[in-house]
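This report refers to the structure that appears directly beneath it.
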Amino acid sequence: MPARPPASAPRPAAPVTRALAGAPPRTPDNPISLARIETILGRGAGAFGLLFALQSVQVISQQLDVMRPAWSIAFLTAFFGGLVWTCVAGAVRRGVVPAHATVALVFVVALATWPFAIEPATYATTPQPFLYQELTVATTCAAMAFRLWIAVLYTVAVPLFLGFLEVLVRQGVITPLDSFLQVLYSIILGGSVLMLVTVLRQAALGVDWAQGTALTRYSHAVRQHATEVERVQVDAIVHDSVLTTLLSAARTADPAARALAATMAANAMGHLSAAEQGTDDDASVPLRAVTKRIVDAASALSAPFVLEARDLGTRTVPVATAEAVYSAAVQAMMNSLQHAGTAAETITRRLVISGHGDEGVAIDVVDDGAGFDQRRIPTERLGLRVSIKERVAQAGGLVTIESAPGEGTAVRIRWPAPGGAAASAPAVPPLPGDVGAQETAPERREPQPDRTADPA
75 MPARPPASAP RPAAPVTRAL AGAPPRTPDN PISLARIETI LGRGAGAFGL LFALQSVQVI
135 SQQLDVMRPA WSIAFLTAFF GGLVWTCVAG AVRRGVVPAH ATVALVFVVA LATWPFAIEP
195 ATYATTPQPF LYQELTVATT CAAMAFRLWI AVLYTVAVPL FLGFLEVLVR QGVITPLDSF
255 LQVLYSIILG GSVLMLVTVL RQAALGVDWA QGTALTRYSH AVRQHATEVE RVQVDAIVHD
315 SVLTTLLSAA RTADPAARAL AATMAANAMG HLSAAEQGTD DDASVPLRAV TKRIVDAASA
375 LSAPFVLEAR DLGTRTVPVA TAEAVYSAAV QAMMNSLQHA GTAAETITRR LVISGHGDEG
435 VAIDVVDDGA GFDQRRIPTE RLGLRVSIKE RVAQAGGLVT IESAPGEGTA VRIRWPAPGG
495 AAASAPAVPP LPGDVGAQET APERREPQPD RTADPA
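According to my numbering, the sequence shown is numbered sequentially starting from 75.
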(Lines of atoms letter the chains of each structure in order from A and count residues from 1; the text may use other names and numbers.)
(Lines give C-alpha, C1' and ligand atoms only; values in the text may rest on other atoms or scores of the structure.)
Protein backbone atom coordinates (compact mmCIF):
# COMPACT_ATOMS: atom_id res chain seq x y z
CA MET A 1 0.00 0.00 0.00
CA PRO A 2 1.25 3.53 -0.67
CA ALA A 3 2.69 5.27 2.36
CA ARG A 4 0.54 8.01 3.87
CA PRO A 5 1.69 10.96 5.97
CA PRO A 6 1.07 10.34 9.68
CA ALA A 7 -1.65 12.18 11.50
CA SER A 8 0.91 14.36 13.26
CA ALA A 9 2.54 15.52 10.03
CA PRO A 10 1.58 19.18 9.56
CA ARG A 11 -0.04 20.21 6.33
CA PRO A 12 1.71 23.01 4.47
CA ALA A 13 -0.02 26.37 4.56
CA ALA A 14 -0.12 26.34 0.76
CA PRO A 15 1.06 23.88 -1.88
CA VAL A 16 4.77 24.10 -2.43
CA THR A 17 4.25 24.30 -6.18
CA ARG A 18 1.49 23.60 -8.63
CA ALA A 19 1.90 21.17 -11.48
CA LEU A 20 -0.54 22.86 -13.77
CA ALA A 21 -2.49 26.07 -13.49
CA GLY A 22 -5.42 25.57 -11.13
CA ALA A 23 -4.44 22.01 -10.16
CA PRO A 24 -2.39 21.12 -7.06
CA PRO A 25 0.39 18.58 -7.52
CA ARG A 26 -0.50 15.03 -6.67
CA THR A 27 1.24 13.26 -3.82
CA PRO A 28 3.57 10.58 -5.18
CA ASP A 29 2.49 6.98 -4.70
CA ASN A 30 5.68 6.28 -2.76
CA PRO A 31 6.70 9.40 -0.78
CA ILE A 32 10.35 8.55 -0.24
CA SER A 33 11.42 11.54 1.86
CA LEU A 34 8.56 11.51 4.38
CA ALA A 35 8.71 7.74 4.77
CA ARG A 36 12.43 7.87 5.52
CA ILE A 37 12.05 10.73 7.98
CA GLU A 38 9.26 8.90 9.80
CA THR A 39 11.42 5.79 10.03
CA ILE A 40 14.34 7.75 11.46
CA LEU A 41 12.13 9.65 13.92
CA GLY A 42 10.33 6.50 15.05
CA ARG A 43 13.51 4.60 15.78
CA GLY A 44 15.30 7.59 17.28
CA ALA A 45 12.42 8.60 19.56
CA GLY A 46 11.94 5.05 20.81
CA ALA A 47 15.62 4.55 21.61
CA PHE A 48 15.98 8.04 23.12
CA GLY A 49 12.91 7.61 25.31
CA LEU A 50 13.96 4.25 26.70
CA LEU A 51 17.57 5.29 27.41
CA PHE A 52 16.51 8.60 28.95
CA ALA A 53 13.96 6.87 31.17
CA LEU A 54 16.48 4.27 32.33
CA GLN A 55 18.69 7.08 33.63
CA SER A 56 15.98 7.92 36.16
CA VAL A 57 15.82 4.41 37.64
CA GLN A 58 17.98 5.46 40.61
CA VAL A 59 15.72 8.43 41.39
CA ILE A 60 12.64 6.22 41.09
CA SER A 61 14.09 3.61 43.45
CA GLN A 62 14.76 6.30 46.07
CA GLN A 63 11.09 7.37 46.04
CA LEU A 64 9.47 3.95 46.12
CA ASP A 65 9.33 4.06 49.94
CA VAL A 66 6.94 7.04 49.87
CA MET A 67 4.72 5.65 47.08
CA ARG A 68 1.95 3.09 47.24
CA PRO A 69 3.32 -0.23 45.89
CA ALA A 70 0.33 -0.96 43.66
CA TRP A 71 0.60 2.42 41.92
CA SER A 72 4.36 2.08 41.50
CA ILE A 73 4.11 -1.38 39.97
CA ALA A 74 1.28 -0.37 37.62
CA PHE A 75 3.01 2.82 36.46
CA LEU A 76 6.47 1.31 35.96
CA THR A 77 5.06 -1.69 34.09
CA ALA A 78 2.86 0.39 31.78
CA PHE A 79 5.38 3.20 31.20
CA PHE A 80 8.51 1.15 30.59
CA GLY A 81 6.54 -1.50 28.74
CA GLY A 82 5.25 1.24 26.44
CA LEU A 83 8.80 2.49 25.84
CA VAL A 84 9.93 -1.00 24.87
CA TRP A 85 6.95 -1.13 22.51
CA THR A 86 8.05 2.13 20.85
CA CYS A 87 11.52 0.67 20.24
CA VAL A 88 10.12 -2.50 18.68
CA ALA A 89 7.57 -0.56 16.62
CA GLY A 90 10.28 1.76 15.31
CA ALA A 91 12.48 -1.18 14.36
CA VAL A 92 9.75 -3.01 12.42
CA ARG A 93 8.04 0.21 11.23
CA ARG A 94 4.65 -0.98 12.43
CA GLY A 95 2.45 0.59 15.11
CA VAL A 96 4.75 3.56 15.79
CA VAL A 97 1.93 6.06 16.39
CA PRO A 98 -0.13 3.82 18.76
CA ALA A 99 2.99 2.97 20.78
CA HIS A 100 3.97 6.61 21.36
CA ALA A 101 0.36 7.61 22.01
CA THR A 102 0.12 4.90 24.69
CA VAL A 103 3.21 6.19 26.50
CA ALA A 104 1.93 9.78 26.41
CA LEU A 105 -1.49 8.79 27.77
CA VAL A 106 -0.01 6.52 30.47
CA PHE A 107 2.03 9.48 31.70
CA VAL A 108 -1.09 11.69 31.91
CA VAL A 109 -2.93 9.02 33.91
CA ALA A 110 0.07 8.62 36.22
CA LEU A 111 0.28 12.39 36.67
CA ALA A 112 -3.41 12.68 37.56
CA THR A 113 -3.18 9.85 40.14
CA TRP A 114 0.23 10.77 41.55
CA PRO A 115 -1.09 12.80 44.57
CA PHE A 116 -3.19 9.78 45.62
CA ALA A 117 -0.22 7.42 45.30
CA ILE A 118 1.81 9.18 48.01
CA GLU A 119 1.67 7.79 51.51
CA PRO A 120 -0.19 10.38 53.66
CA ALA A 121 2.48 10.33 56.36
CA THR A 122 5.17 11.46 53.92
CA TYR A 123 3.49 14.57 52.45
CA ALA A 124 5.78 16.95 54.31
CA THR A 125 8.99 15.15 53.28
CA THR A 126 8.05 14.15 49.74
CA PRO A 127 10.98 14.91 47.38
CA GLN A 128 10.61 16.36 43.90
CA PRO A 129 8.52 13.82 41.98
CA PHE A 130 10.45 11.56 39.64
CA LEU A 131 7.79 12.34 37.02
CA TYR A 132 9.90 15.36 36.08
CA GLN A 133 12.53 12.91 34.88
CA GLU A 134 10.02 11.28 32.53
CA LEU A 135 8.30 14.49 31.38
CA THR A 136 10.55 15.06 28.37
CA VAL A 137 10.04 11.45 27.29
CA ALA A 138 6.27 11.91 27.45
CA THR A 139 6.29 15.17 25.44
CA THR A 140 8.51 13.54 22.81
CA CYS A 141 6.04 10.68 22.47
CA ALA A 142 3.22 13.21 22.13
CA ALA A 143 5.12 14.98 19.34
CA MET A 144 5.45 11.66 17.52
CA ALA A 145 1.85 10.50 17.96
CA PHE A 146 -0.50 13.48 17.88
CA ARG A 147 -1.44 16.23 15.48
CA LEU A 148 0.52 19.42 15.79
CA TRP A 149 -2.03 21.39 17.79
CA ILE A 150 -2.61 18.48 20.20
CA ALA A 151 1.15 18.02 20.64
CA VAL A 152 1.59 21.74 21.37
CA LEU A 153 -1.23 21.64 23.92
CA TYR A 154 0.28 18.54 25.53
CA THR A 155 3.79 20.07 25.67
CA VAL A 156 2.48 23.16 27.51
CA ALA A 157 -0.42 21.84 29.61
CA VAL A 158 1.12 18.67 31.06
CA PRO A 159 4.20 20.39 32.60
CA LEU A 160 1.98 23.14 34.02
CA PHE A 161 -0.32 20.54 35.52
CA LEU A 162 2.64 18.73 37.08
CA GLY A 163 3.95 21.99 38.58
CA PHE A 164 0.51 22.80 39.97
CA LEU A 165 0.21 19.38 41.64
CA GLU A 166 3.72 19.65 43.07
CA VAL A 167 2.92 22.99 44.71
CA LEU A 168 -0.26 21.52 46.24
CA VAL A 169 1.41 18.36 47.54
CA ARG A 170 4.70 19.89 48.71
CA GLN A 171 3.37 23.01 50.39
CA GLY A 172 6.06 24.66 52.44
CA VAL A 173 8.79 22.60 50.76
CA ILE A 174 8.84 24.28 47.33
CA THR A 175 7.77 27.75 46.30
CA PRO A 176 5.57 28.44 43.27
CA LEU A 177 8.47 30.31 41.64
CA ASP A 178 10.82 27.33 41.91
CA SER A 179 8.14 25.04 40.54
CA PHE A 180 7.41 27.44 37.68
CA LEU A 181 11.08 27.59 36.69
CA GLN A 182 11.24 23.80 36.61
CA VAL A 183 8.06 23.71 34.52
CA LEU A 184 9.41 26.35 32.14
CA TYR A 185 12.57 24.32 31.61
CA SER A 186 10.49 21.24 30.79
CA ILE A 187 8.33 23.22 28.33
CA ILE A 188 11.39 24.61 26.55
CA LEU A 189 12.97 21.16 26.27
CA GLY A 190 9.77 19.52 25.06
CA GLY A 191 9.08 22.40 22.66
CA SER A 192 12.53 22.04 21.13
CA VAL A 193 11.90 18.37 20.41
CA LEU A 194 8.47 19.17 18.97
CA MET A 195 9.94 21.91 16.77
CA LEU A 196 12.63 19.56 15.44
CA VAL A 197 10.10 16.85 14.62
CA THR A 198 7.77 19.34 12.94
CA VAL A 199 10.49 20.97 10.83
CA LEU A 200 11.79 17.61 9.60
CA ARG A 201 8.31 16.44 8.67
CA GLN A 202 7.46 19.73 6.98
CA ALA A 203 10.66 19.63 4.90
CA ALA A 204 10.11 16.00 3.90
CA LEU A 205 6.50 16.72 2.97
CA GLY A 206 7.64 19.64 0.82
CA VAL A 207 10.14 17.42 -0.98
CA ASP A 208 7.46 14.82 -1.67
CA TRP A 209 5.06 17.46 -2.97
CA ALA A 210 7.81 18.73 -5.25
CA GLN A 211 8.36 15.16 -6.41
CA GLY A 212 4.64 14.83 -7.14
CA THR A 213 4.73 18.07 -9.12
CA ALA A 214 7.69 16.87 -11.15
CA LEU A 215 5.97 13.55 -11.88
CA THR A 216 2.79 15.32 -12.95
CA ARG A 217 4.65 17.67 -15.25
CA TYR A 218 6.72 14.83 -16.66
CA SER A 219 3.67 12.70 -17.40
CA HIS A 220 2.03 15.70 -19.06
CA ALA A 221 5.13 16.28 -21.20
CA VAL A 222 5.27 12.58 -22.13
CA ARG A 223 1.64 12.68 -23.26
CA GLN A 224 2.29 15.79 -25.33
CA HIS A 225 5.39 14.21 -26.87
CA ALA A 226 3.51 11.01 -27.68
CA THR A 227 0.74 13.03 -29.30
CA GLU A 228 3.25 14.96 -31.39
CA VAL A 229 5.06 11.79 -32.45
CA GLU A 230 1.77 10.22 -33.48
CA ARG A 231 0.80 13.36 -35.40
CA VAL A 232 4.07 13.37 -37.33
CA GLN A 233 3.78 9.66 -38.05
CA VAL A 234 0.21 9.91 -39.31
CA ASP A 235 1.01 13.01 -41.38
CA ALA A 236 3.92 11.21 -42.98
CA ILE A 237 1.87 8.10 -43.72
CA VAL A 238 -0.95 10.18 -45.16
CA HIS A 239 1.50 11.98 -47.42
CA ASP A 240 3.56 8.95 -48.43
CA SER A 241 0.77 6.43 -48.93
CA VAL A 242 -2.74 7.86 -48.84
CA LEU A 243 -2.23 10.96 -50.98
CA THR A 244 -0.09 9.06 -53.47
CA THR A 245 -2.80 6.40 -53.72
CA LEU A 246 -5.50 9.01 -54.30
CA LEU A 247 -3.47 10.70 -57.03
CA SER A 248 -2.79 7.36 -58.72
CA ALA A 249 -6.44 6.35 -58.51
CA ALA A 250 -7.51 9.64 -60.09
CA ARG A 251 -5.23 8.99 -63.07
CA THR A 252 -6.21 5.36 -63.74
CA ALA A 253 -7.16 4.74 -67.36
CA ASP A 254 -6.85 0.98 -67.82
CA PRO A 255 -7.41 -2.20 -65.77
CA ALA A 256 -3.71 -2.58 -64.94
CA ALA A 257 -3.57 0.93 -63.50
CA ARG A 258 -6.73 0.30 -61.50
CA ALA A 259 -5.26 -2.92 -60.10
CA LEU A 260 -2.11 -1.06 -59.13
CA ALA A 261 -4.18 1.65 -57.41
CA ALA A 262 -6.08 -1.02 -55.48
CA THR A 263 -2.80 -2.58 -54.33
CA MET A 264 -1.51 0.83 -53.26
CA ALA A 265 -4.74 1.44 -51.32
CA ALA A 266 -4.35 -1.88 -49.49
CA ASN A 267 -0.76 -0.98 -48.64
CA ALA A 268 -1.83 2.44 -47.36
CA MET A 269 -4.43 0.85 -45.09
CA GLY A 270 -1.76 -1.52 -43.82
CA HIS A 271 0.53 1.41 -43.01
CA LEU A 272 -2.24 3.15 -41.04
CA SER A 273 -3.02 -0.06 -39.11
CA ALA A 274 0.66 -0.52 -38.28
CA ALA A 275 0.85 3.07 -37.06
CA GLU A 276 -2.12 2.45 -34.75
CA GLN A 277 -0.53 -0.70 -33.29
CA GLY A 278 2.84 0.98 -32.69
CA THR A 279 6.25 -0.65 -32.43
CA ASP A 280 8.42 -2.11 -29.71
CA ASP A 281 10.77 0.72 -28.72
CA ASP A 282 13.20 -1.71 -27.08
CA ALA A 283 13.67 -3.91 -30.17
CA SER A 284 16.43 -3.37 -32.70
CA VAL A 285 17.26 -4.54 -36.22
CA PRO A 286 20.59 -4.94 -38.05
CA LEU A 287 21.63 -2.01 -40.19
CA ARG A 288 22.24 -4.44 -43.06
CA ALA A 289 18.54 -5.38 -42.98
CA VAL A 290 17.54 -1.72 -43.16
CA THR A 291 19.98 -1.22 -46.03
CA LYS A 292 18.49 -4.18 -47.91
CA ARG A 293 14.98 -2.74 -47.55
CA ILE A 294 16.12 0.62 -48.91
CA VAL A 295 18.04 -0.99 -51.79
CA ASP A 296 15.03 -3.16 -52.67
CA ALA A 297 12.82 -0.09 -52.69
CA ALA A 298 15.29 1.77 -54.91
CA SER A 299 15.48 -1.16 -57.31
CA ALA A 300 11.70 -1.10 -57.75
CA LEU A 301 11.62 2.55 -58.80
CA SER A 302 11.18 3.61 -62.40
CA ALA A 303 14.58 5.31 -62.68
CA PRO A 304 17.89 3.73 -61.67
CA PHE A 305 19.95 4.81 -58.66
CA VAL A 306 23.66 4.24 -58.32
CA LEU A 307 23.77 2.24 -55.09
CA GLU A 308 26.69 2.30 -52.67
CA ALA A 309 26.85 0.70 -49.20
CA ARG A 310 29.95 0.77 -47.03
CA ASP A 311 31.11 0.41 -43.42
CA LEU A 312 27.91 -1.27 -42.25
CA GLY A 313 29.55 -3.84 -39.98
CA THR A 314 27.30 -5.44 -37.37
CA ARG A 315 25.54 -2.26 -36.31
CA THR A 316 21.97 -2.36 -35.08
CA VAL A 317 19.41 0.41 -34.81
CA PRO A 318 16.10 0.65 -32.89
CA VAL A 319 12.98 -0.41 -34.78
CA ALA A 320 11.52 3.11 -34.65
CA THR A 321 14.75 4.54 -36.03
CA ALA A 322 14.88 1.92 -38.79
CA GLU A 323 11.34 2.78 -39.88
CA ALA A 324 12.09 6.50 -39.78
CA VAL A 325 15.27 6.40 -41.87
CA TYR A 326 13.77 3.88 -44.31
CA SER A 327 10.65 5.95 -44.92
CA ALA A 328 12.66 9.17 -45.16
CA ALA A 329 15.09 7.64 -47.67
CA VAL A 330 12.29 6.24 -49.84
CA GLN A 331 10.48 9.58 -49.77
CA ALA A 332 13.69 11.37 -50.76
CA MET A 333 14.11 9.01 -53.72
CA MET A 334 10.47 9.52 -54.73
CA ASN A 335 10.96 13.28 -54.63
CA SER A 336 14.01 12.93 -56.85
CA LEU A 337 12.03 10.91 -59.39
CA GLN A 338 9.12 13.34 -59.38
CA HIS A 339 10.92 16.68 -59.37
CA ALA A 340 14.53 16.33 -60.53
CA GLY A 341 13.38 16.32 -64.16
CA THR A 342 12.01 13.92 -66.75
CA ALA A 343 15.12 13.59 -68.90
CA ALA A 344 16.18 10.39 -67.19
CA GLU A 345 19.13 9.79 -69.48
CA THR A 346 20.79 13.05 -68.40
CA ILE A 347 20.16 12.81 -64.65
CA THR A 348 22.38 10.78 -62.36
CA ARG A 349 20.91 9.64 -59.07
CA ARG A 350 22.98 8.18 -56.24
CA LEU A 351 22.02 6.40 -53.02
CA VAL A 352 24.84 6.07 -50.47
CA ILE A 353 24.34 4.19 -47.17
CA SER A 354 27.20 4.03 -44.67
CA GLY A 355 28.02 3.84 -41.00
CA HIS A 356 27.91 7.10 -39.05
CA GLY A 357 30.02 7.46 -35.91
CA ASP A 358 30.25 4.42 -33.66
CA GLU A 359 26.67 3.17 -33.88
CA GLY A 360 24.85 5.44 -36.33
CA VAL A 361 23.80 5.43 -39.96
CA ALA A 362 24.23 7.96 -42.77
CA ILE A 363 22.07 7.97 -45.92
CA ASP A 364 22.61 10.35 -48.85
CA VAL A 365 20.14 10.67 -51.72
CA VAL A 366 21.80 12.84 -54.38
CA ASP A 367 20.86 13.84 -57.93
CA ASP A 368 22.13 16.39 -60.44
CA GLY A 369 18.67 17.35 -61.64
CA ALA A 370 16.66 20.55 -61.59
CA GLY A 371 17.12 21.45 -57.95
CA PHE A 372 14.93 24.03 -56.24
CA ASP A 373 14.99 27.19 -54.16
CA GLN A 374 14.26 26.25 -50.54
CA ARG A 375 12.94 29.72 -49.78
CA ARG A 376 10.10 29.24 -52.26
CA ILE A 377 8.65 26.19 -50.54
CA PRO A 378 5.34 27.00 -48.73
CA THR A 379 5.32 26.01 -45.06
CA GLU A 380 1.99 24.20 -45.39
CA ARG A 381 3.58 21.52 -47.62
CA LEU A 382 4.20 18.15 -45.97
CA GLY A 383 6.76 16.22 -48.02
CA LEU A 384 10.20 17.33 -46.89
CA ARG A 385 9.15 18.85 -43.58
CA VAL A 386 6.96 16.00 -42.27
CA SER A 387 7.81 12.89 -44.30
CA ILE A 388 11.55 13.42 -44.05
CA LYS A 389 12.72 16.07 -41.59
CA GLU A 390 10.28 15.70 -38.70
CA ARG A 391 10.10 11.93 -39.03
CA VAL A 392 13.88 11.57 -38.64
CA ALA A 393 14.05 14.26 -35.94
CA GLN A 394 11.48 12.39 -33.83
CA ALA A 395 13.79 9.36 -33.96
CA GLY A 396 16.73 11.48 -32.78
CA GLY A 397 18.33 12.13 -36.15
CA LEU A 398 18.93 15.09 -38.43
CA VAL A 399 18.17 15.78 -42.10
CA THR A 400 19.93 18.47 -44.12
CA ILE A 401 18.89 19.58 -47.61
CA GLU A 402 21.38 20.99 -50.10
CA SER A 403 19.77 22.30 -53.28
CA ALA A 404 19.72 25.23 -55.66
CA PRO A 405 18.01 25.77 -59.03
CA GLY A 406 19.92 23.95 -61.75
CA GLU A 407 22.46 22.44 -59.34
CA GLY A 408 20.71 19.27 -58.20
CA THR A 409 19.59 18.17 -54.76
CA ALA A 410 21.24 16.28 -51.90
CA VAL A 411 19.20 14.92 -48.98
CA ARG A 412 21.51 13.84 -46.16
CA ILE A 413 20.04 11.75 -43.33
CA ARG A 414 22.08 11.26 -40.16
CA TRP A 415 21.23 9.19 -37.11
CA PRO A 416 21.94 9.96 -34.36
CA ALA A 417 22.06 13.69 -34.93
CA PRO A 418 25.63 14.99 -34.83
CA GLY A 419 26.37 17.18 -31.82
CA GLY A 420 22.89 16.79 -30.28
CA ALA A 421 21.21 18.81 -33.03
CA ALA A 422 18.04 16.76 -32.76
CA ALA A 423 17.69 17.60 -29.08
CA SER A 424 17.71 21.28 -29.82
CA ALA A 425 15.07 20.97 -32.54
CA PRO A 426 13.09 17.79 -31.95
CA ALA A 427 10.15 18.68 -34.13
CA VAL A 428 11.81 20.90 -36.77
CA PRO A 429 9.17 23.66 -36.65
CA PRO A 430 8.14 25.23 -39.93
CA LEU A 431 10.09 28.39 -40.58
CA PRO A 432 10.16 30.81 -43.46
CA GLY A 433 12.71 29.38 -45.85
CA ASP A 434 12.40 25.84 -44.51
CA VAL A 435 11.85 23.18 -47.12
CA GLY A 436 8.21 22.22 -47.36
CA ALA A 437 6.54 19.25 -48.95
CA GLN A 438 7.16 17.98 -52.40
CA GLU A 439 3.74 17.22 -53.79
CA THR A 440 3.24 19.34 -56.89
CA ALA A 441 5.48 21.07 -59.34
CA PRO A 442 4.72 24.41 -60.94
CA GLU A 443 3.69 24.60 -64.53
CA ARG A 444 6.14 22.92 -66.92
CA ARG A 445 6.87 23.94 -70.49
CA GLU A 446 6.73 21.24 -73.14
CA PRO A 447 8.62 19.50 -74.48
CA GLN A 448 11.58 20.54 -72.29
CA PRO A 449 10.89 20.12 -68.51
CA ASP A 450 11.30 23.11 -66.21
CA ARG A 451 14.69 22.65 -64.50
CA THR A 452 13.74 24.94 -61.60
CA ALA A 453 10.59 23.13 -60.54
CA ASP A 454 9.70 23.43 -56.86
CA PRO A 455 9.49 20.15 -54.95
CA ALA A 456 6.07 19.31 -53.64
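Don't be surprised by glycine CBs; every beta carbon is placed ideally from N, CA and C.
- In the three-state reduction of the DSSP assignment, residue 219 falls in the helix class.
- A check of alpha carbon separations from residue 362 across 386, 382 and 380 identifies 386 as the nearest.
- Across the structure, residue 139 and residue 187 are spaced so that their CA atoms are roughly 17 Å apart.
- A contact is defined here as three or more CB-CB pairs under 8 Å, and the segment 211–226 fails this definition with respect to the segment 247–256.
- Taking 8 Å as the upper bound for CB-CB distance, residue 372 and residue 425 are in contact here, some 5 Å apart.
- Counting only runs of at least 4 residues, the segment 102–154 fully encloses the following alpha helix (DSSP H) elements, listed from N- to C-terminal order: 106–128 and 131–137.
- For residue 247, there is no enclosing beta strand (DSSP E), since its DSSP letter is neither H nor E.
- In the structure shown, residue 410 falls within a helical segment according to DSSP collapsed to helix, strand and coil.
- From the listed residues 216, 430 and 271, the smallest Cα separation to residue 489 is found for 430.
- A contact between stretches requires three or more CB pairs, one per stretch, nearer than 8 Å, and the segment 376–392 fails this requirement with the segment 442–452.
- Beta-bridge pairing by DSSP links residue 380 to 424.
- Here DSSP, grouped into helix, strand and coil, assigns residue 233 to helix.
- Each of 202, 203 and 267 was checked against the Cα of residue 230, and the nearest Cα belongs to 267.
- For residue 119, the CB contacts under 6 Å within the same chain, skipping 5 residues up- and downstream, are 214 and 218 in chain order.
- C-alpha of residue 147 to C-alpha of residue 189: approximately 16 Å in a straight line.
- Taking a C-beta distance under 8 Å as the contact criterion, residue 107 and residue 273 do not qualify as a contact pair.
- Residue 384 counts as exposed, since fewer than 16 other C-beta atoms from the protein chains shown sit within 10 angstroms of its C-beta.
- For residue 472, the uninterrupted beta strand (DSSP E) segment begins and ends at 472–477.
- Residue 379 holds the alpha-carbon nearest to the alpha-carbon of residue 443 among 400, 474 and 379.
- Taken in chain order, the complete alpha helix (DSSP H) segments of 4 or more residues contained in the segment 161–207 are 170–191.
- In this structure, DSSP gives residue 370 a helical state, which the three-state scheme calls helix.
- DSSP, read as helix, strand or coil, puts residue 290 in helix.
- The alpha-carbon of residue 240 is positioned some 28 Å away from that of residue 173.
- One Cα belongs to residue 203, the other to residue 243, and the distance between them is close to 10 Å.
- Separation of residue 397 and residue 422 (C-alpha to C-alpha, rounded to the nearest whole angstrom) is 26 Å.
- Residue 132 and residue 234 have their C-alpha atoms some 25 Å from each other.
- Annotated three-state conformation of residue 278 is helix, per DSSP.
- Membership of residue 436 in the beta strand (DSSP E) is indicated by the continuous run 434–441.
- Of the candidates 432, 375 and 114, the residue whose Cα lies closest to the Cα of residue 406 is 375.
- The Cβ neighbour count for residue 370, taken over all protein chains shown within 10 Å, is under 16; the residue is labelled exposed.
- For residue 484, there is no enclosing alpha helix (DSSP H); the enclosing beta strand (DSSP E) covers residues 483–489.
- Residue 420 and residue 439 have their C-alpha atoms spaced approximately 17 Å apart.
- If you look at residue 450, you'll find it isn't in any alpha helix (DSSP H); DSSP assigns it neither H nor E.
- Inclusion of residue 153 and residue 184 in the CB contact set at 8 Å is warranted, their separation being smaller than that value.
- Taking the C-beta atoms as reference points, residue 435 is found no nearer than 8 Å to residue 400.
- Contact between residue 111 and residue 216 fails: their C-beta atoms lie close to 18 Å from each other, not under 8 Å.
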